[in-house]
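K.L.:
Under this note's numbering, the sequence shown has 94 at position 5, and the numbering climbs by one with no breaks.
Each residue gets a CB set at the ideal place from its N, CA and C atoms; glycine is no exception.
After the structure tokens below, expect a handful of questions from me.
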Amino acid sequence: MNASVERVRDALAELIKAALISDDATSLACREAGRTRLAALGADPPQAGSLRMDGAWTLAIQQAETPELAPGEGQVNLTLPRACPFGLDEILDPAFDVDRAVDRIRKSASIG
């Protein structure tokens, strides 16, 4: 896996964890971690041709849905969409709203 995919995967995984976890403090910590990772991506953006967002999304889901986190996951069912709900340009935008993104993940997961 290339470094660009790993960096995007890690940022998306934090957003997914924030959407899945019921505990407000833990969800907030994941949102902050996501903001930090997204800021790092914005400061050193990957080349669009170096990754596929759907692939990074799939890897992020696998990273976020770990057995250790399962007891705290109660916001949505674990049926997350297969396609990434965000484009690379969208997550690199300085105006990207992490809270809205988490809500979008919750809504897309809750409807399958």
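(1) Are three or more beta carbon pairs between the region 138 to 152 and the region 100 to 117 nearer than 8 Å?
(2) Taking just the CA atoms, how far does Gly-144 sit from Leu-127?
(3) Which ranges would you report for the beta strand (DSSP E) in the region 122 to 162 if only whole runs of at least 3 residues count?
(4) Compute the Euclidean distance between the alpha carbons of Ala-114 and Arg-124, then round it to the nearest angstrom.
(5) Could you tell me if Ala-92 is buried or exposed, where buried requires 16 or more neighbouring beta carbons within 10 angstroms of its beta carbon?
(6) Going along the chain, which residues of its own chain have a beta-carbon closer than 6 Å to the beta-carbon of Val-94, five neighbours each way excluded?
(7) Distance check for Leu-181 and Pro-134, CA to CA, integer angstroms please.
P.N.:
The relevant details are as follows:
(1) Yes, the region 138 to 152 touches the region 100 to 117.
(2) Taking the sequence shown and counting its residues from 1, the one referred to as residue 127 is at position 38. Taking the sequence shown and counting its residues from 1, the one referred to as residue 144 is at position 55. If I take the Cα positions, the gap works out to 17 Å.
(3) none
(4) As a first step, residue 114 is located in the sequence shown; it is residue number 25 there, counting from the start. As a first step, residue 124 is located in the sequence shown; it is residue number 35 there, counting from the start. C-alpha separation (whole angstroms): 15 Å.
(5) Numbered from 1 along the sequence shown, position 3 holds the residue referred to as residue 92. Looking at its Cβ environment, which holds fewer than 16 other Cβ atoms inside 10 Å, Ala-92 is exposed.
(6) In the sequence shown, counting from the first residue as 1, residue 94 sits at position 5. So the qualifying residues of the chain are Leu-140, Ala-145.
(7) Indexing the sequence shown from 1 puts residue 134 at position 45. Indexing the sequence shown from 1 puts residue 181 at position 92. The straight-line gap from Cα to Cα measures roughly 7 Å.
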